[in-house]
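Protein sequences, first through last, are from chains A and B. Read the first sequence against my numbering and you will find it ends at 361, with the numbers running on by one and no gaps. Read the second sequence against my numbering and you will find it ends at 556, with the numbers running on by one and no gaps. A virtual CB, placed ideally from N, CA and C, is assigned to each residue, including glycine. Since the model is a prediction, treat every value here as computed from it, not as a measurement. The structure appears below as structure tokens.
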Amino acid sequence: MRGLASYIVGRLLWAPVILLAVSLATFALGRFGPGDPIRILQGQYRDPEQQERIAEELGYHDNFFVQYWRYMERAVQGDFGEGLSPRGFQVNDVLFPRLWVTFQYNLLALIIIFAVGIPAGIWAALKQGTWMDPFTIGMLLFPASVPVLVIIPVLQWLFAVQLGWLPSGGWQVHEFYGVEIGILNIHIVLPMLALTLPGSAGVARYMRTQVLQVLDDDYVRTARAKGLREFTVVSRHIARNAMLPLATIMGFALVGLLGGSIFLETLLGIPGVGEYAFNAVFARDYNAIMAIVLLTSTAFILANLLADITYAFIDPRIRLGGGVER
Amino acid sequence: METRRLVLVLGGIAVVLVIVLGGLSIAVLGGGSGSGGGNKDKATPETSPLPERVEGELRLVGPDPLTLDPACASDASSAEYIMEIFSGLVTFDKDLKLVPDIAESLPQISDDGTVYTFHLRRGVKFHDGSRQVTADDFKFSMQRSLDPDTLSTVGEVYLDDIVGAKEFASGDTNDVSGIKVVDEYTLEITIDAAKTYFLAKLTYPTAFVVDQREVGDSSCFRDTEWTLKPNGSGPFMLEEWQLGQRIVLTANPAFYLEPKPSLARVTYVLAGGSPLVMYENDEIDITGVGINDIERIRDSSVPLNAEFTETASLDTYYIGFNTQEPPFDDPNVRRAFAMTIDKDVLAEVVLKELVVPAKGVLPPGMPGFSEDLEGIPFDPEGARALLDDAGGPGGLGDISLLSSGRGASVGPIIEAIQAMWEENLGVTVEVDQEEFGLFLQDLDDGNFKMFDLGWVADYVDPQNFLDIKFHSASANNETKYSNPEVDDLLERARTEQEAARLDLYRQAEEKIVEDAAWIPLYHGKSNALIKPYVEGYFTPPFVIPNLRYVSLTTR
């Protein structure tokens, strides 16, 4: 266990260094890249003198490192400054609710995807050689091969316009002890279909491959030879070992929790972070871009760390101490 | 076989999951509608998945505003809300007639045309009812739009005709000398020349009144939280602004103009969605129709067709040339390019009659618009002759068209125009697509040969198109078009009156079109599907306060 502890500490010490590099690069890209937020606001009414004056007032003319320091000093205290959409509001007040929305629907989708994909993958692997295997995977692959831009209008047409069973999207919240929850009402059904139908195939196929790999392993044969019930063999010996590599996938999936899909959010009217981030780039909304990049990089670092630790815990070989240094 | 158990278990997991999730949502839904009002549920046998509708509520999908501060709004999507929440001295009514708003009548204008005296309506109150709107509030609000500390990008655009405005905006003075408070209800505005279009500029939010007690020293970029609950004076009050999610307006019962607002509430969904689907699913009451659905809606056998309306909007889409650099410094080359675009095909085939072909710069409906203007005709043969005289296609060098976009295809219009030039003129034109920020930068730097863009009226006056886009000294003359004759006509038109003035603009437009600084392509139309129970709604050609004309009959 000492190996693991020092590994975690080492990784945590690297985090600020990575964040520093990421923030510096992003900040520089904004300040030195082409395009100017004030010019974009002016649109077709050009006024170079006014543009200069406002830029001066907002501090865009100060030395780059002065600007960077001024921003980061506030950012490390959790204050990401004022944004441009809407103009003059604290980025925190706009971004955090959106991140929360995106996080909620992504988390629910992740749970469903794994809950459908894992059993489906195991089932397909055990049925290898029969028609059930390609049928199961094929059923899941079918929606996965349709672009989300197509699948959403089709789902809307079917369930909202033709059948009238579901609202065409939207985001309705219910308050529980002061927390706004938006994934416990009928408005979430269509977005969930759009997210999980294509998503489950990946997990199922991955799971199937893993199960097939362990299926013929000695310990499985031994378990069967011992006369264990088939259910025990599958759940204890096959599934458990096959699920190990899923921890890695989980790491990436967790990072994705904060990433909003621009298509999904726009077509379904979900006020998440996807469209906000997209527009922030085009408006040169520096403060918003910085906040999004810093938060997602932090999440990325933490999620990867978490995945590694989980991996270390479930893989007995790593737990014994040898293979943590990679 | 044991595998059968496995099937049961795996299947069971999936079933349990569905039941748990489904049960949770049903429980929440049930709880939700129970507290919302159980009676209605019993009345309708099928439980509707839609959110319950408030009596007298109009539901719309709206654009996400960038600001609700009148001093700062530079975009139509912000102005749409500000026009309903705030109000100014004058406004446009539903017939696009300039009418008094908080001013009790149109101003008295001095004989030399420079001094405007406004008498304010008495008893007009801010939404919270605590205070009357006075001349002092107007001076404060207009000065705030111009104040360099407000950091507005539009204050000067609309108010710089006022004497002393430019000096104040650049921080040289502490007061706009041209705005004078005569008494509590009398305001006197002096402008620098007898510009008849000045009054139209006052209908824009930068001249609207705000409550000085709440705006404090907020700027467009800082401390804007007051706009979450602004104390305006317009026909509707902002009940709720959930950033990025929704805006809810409620009627201002004390509104001073007729008709008073009749809608109890107006709810805008800001998060987007698929408006046509939402409309068909009865989630919203009004929606626009895009090019992909227009043929279906136009089909008169479709029930929706009866709910469809179209109105012209005051805008012009065009291709602009860099008139200072070869090859387009030669008017004949520009004409040749203009003569090879078949605008009827563009409007009817490519854009499926969502637009009308443009002959000149001014859109129909704009004062000064001329039915008789022929424009440059579609004439491929004549074009080839012109181009041959100018040195032929070989002498043009590489030609590119600067276009703004976000990385998708350049769209059917530009593709069609490219093909027309290729076919009719034998010229291959590359398209440089850039996102808007870069596009503007290249326009500013004159770093283009051609570009395509649209211009939408900010106020109903030909000056807004012709003077701003074609006077050689205008900052917004991207084509750098310069014709002393046109300059002269435009300058005289600034201070001329009535018909003579419009005539000057017609002459100027004729010359501009002949010189082909722009190829005017088409004028847009705005369209809407409107539910039959919505009465009085219309899509204005540009942003005006129009919700107070709307009422609902029972569904």
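Requested in this report: Kindly indicate if chain B contains any beta-carbon less than 9 Å away from that of A/L247.
Outcome: no
Report task. Grab the span of the alpha helix (DSSP H) containing B/D1 for me, first residue to last. Result -> Any question about residue 1 of chain B goes unanswered here, given that chain B covers just 2 to 556.
Query raised in the report: Are the beta-carbon atoms belonging to A/G309 and A/G295 less than 9 Å from one another?
Result: yes
Query raised in the report: Using 8 Å as the Cβ pair cut-off and three pairs as the minimum, do the region 197-205 of chain B and the region 450-462 of chain B touch?
Result: yes
Requested in this report: Provide the residue(s) that pair with B/A80 in DSSP beta bridges, ordered along the chain.
Outcome: DSSP lists no partner for B/A80.
Report task. May I have the straight-line CA-CA distance separating B/A557 from B/T118, to the nearest angstrom? Result -> The requested residue 557 of chain B is not part of the displayed model; chain B covers only 2 to 556.
Query raised in the report: Roughly how many whole angstroms lie between the Cα atoms of B/A529 and B/L277?
Result: 10 Å
Query - Inter-residue spacing [alpha-carbon to alpha-carbon] between A/S41 and A/L142 - result: 30 Å
Requested in this report: Evaluate contact between the region 219-228 of chain B and the region 121-129 of chain A, counting only Cβ atoms and requiring at least three cross-stretch pairs below 8 Å.
Outcome: yes
Requested in this report: Under 9 Å between beta-carbons, which chain A residues line up against B/T204? List them in chain order, please.
Outcome: Under the 9 Å cutoff, chain A gives no residues; its nearest Cβ is about 17 Å from B/T204.
Query - Distance, B/R549 Cα to B/G376 Cα - result: 39 Å
Report task. Decide if the region 506-526 of chain B is in contact with the region 466-474 of chain B; the criterion is three or more beta carbon pairs, one per stretch, under 8 Å apart. Result -> yes
Query - Residue nearest to A/P233 in terms of C-alpha spacing, selected from A/I147, A/L198, A/T165 and A/S270 - result: A/I147
Report task. Check the Cβ of A/G173 against every Cβ in chain B and list those closer than 7 Å, keeping chain order. Result -> Chain B residues near A/G173: none, gap ~18 Å exceeds 7 Å.
Requested in this report: Whole angstroms is fine: what's the gap from B/F338's alpha carbon to B/G438's?
Outcome: 27 Å
Query raised in the report: Cβ of B/I83 within 9 Å of Cβ of B/F139?
Result: A distance of 9 Å or more separates the beta carbons of B/I83 and B/F139.
Query - Residue nearest to B/S234 in terms of C-alpha spacing, selected from B/Q243, B/E241 and B/L258 - result: The shortest CA-to-CA distance from B/S234 to any of B/Q243, B/E241 and B/L258 is the one to B/L258.
Query raised in the report: Run through DSSP, which three-state label would A/F62 get?
Result: helix
Query raised in the report: When burial is assigned at 16 or more other CB atoms within 10 Å of the CB, is B/S410 buried or exposed?
Result: Counting Cβ neighbours within 10 Å, B/S410 comes out exposed, since fewer than 16 surround it.
Requested in this report: Starting from B/P66, find everything on chain A with Cβ-Cβ shorter than 8 Å and list it in chain order.
Outcome: Near B/P66 (Cβ distances below 8 Å), the residues of chain A are P121.
Query raised in the report: Going by the CB atoms, is the gap between A/T171 and A/W158 shorter than 9 Å?
Result: Going by beta carbons, A/W158 and A/T171 fall inside the 9 Å limit.
Report task. In the DSSP assignment, find the unbroken alpha helix (DSSP H) run with B/D137 in it and report its ends. Result -> B/D137 -> alpha helix (DSSP H) spans A136 to L147.
Requested in this report: Check the Cβ of A/W206 against every Cβ in chain B and list those closer than 8 Å, keeping chain order.
Outcome: Q246 and A272
Query raised in the report: For the 8 Å Cβ check, are there 3 or more pairs between the region 109-128 of chain B and the region 67-78 of chain A?
Result: Under the three-pair Cβ rule at 8 Å, the region 109-128 of chain B does not count as touching the region 67-78 of chain A.
Report task. Apply the 10 Å Cβ neighbour rule to B/P254 and answer buried if 16 or more other Cβ atoms are within range, or exposed otherwise. Result -> exposed
Query raised in the report: B/W456 touches chain A at which residues, Cβ-Cβ below 8 Å?
Result: Q79
Requested in this report: Within the same chain, show all residues whose beta-carbon is closer than 7 Å to that of B/Q246, passing over the 5 residues directly before and after it, in chain order.
Outcome: L271 and A272
Requested in this report: Could you check if B/G1 is buried or exposed, using at least 16 other CB atoms within 10 Å of its CB as the buried criterion?
Outcome: Residue 1 of chain B is absent from the model: chain B starts at 2 and stops at 556.
**Report entry** Assigned exposure category for B/F1 - 16 Cβ within 10 Å defines buried
**Finding:** The requested residue 1 of chain B does not occur in the structure, where chain B is confined to residues 2 to 556.
Query raised in the report: Between the C-alpha atoms of B/L315 and B/E499, what's the straight-line distance to the nearest angstrom?
Result: The straight-line gap from Cα to Cα measures roughly 20 Å.
Report task. State the Cα-Cα distance for the pair A/L161 and A/F149, rounded to the nearest angstrom. Result -> 18 Å
Query raised in the report: At a CB-CB cut-off below 7 Å, which residues of chain B make contact with A/M195?
Result: The sequence given here has Ala at residue 195 of chain A, not Met. The answer, in chain order, is V278 and N282.
Query raised in the report: Closer than 9 Å, CB to CB, is B/P304 near chain A or not?
Result: no
Report task. On a CA-only basis, which of B/V164, B/L374 and B/P64 is nearest B/T115? Give me that one, please. Result -> If you compare the alpha carbons of B/V164, B/L374 and B/P64 with that of B/T115, the shortest gap goes to B/V164.
Query raised in the report: If you drop the 5 nearest sequence neighbours on each side, which residues of the same chain put their C-beta closer than 8 Å to that of B/P378?
Result: M340
Query raised in the report: So what does DSSP say about A/H209, is it helix, strand or coil?
Result: strand
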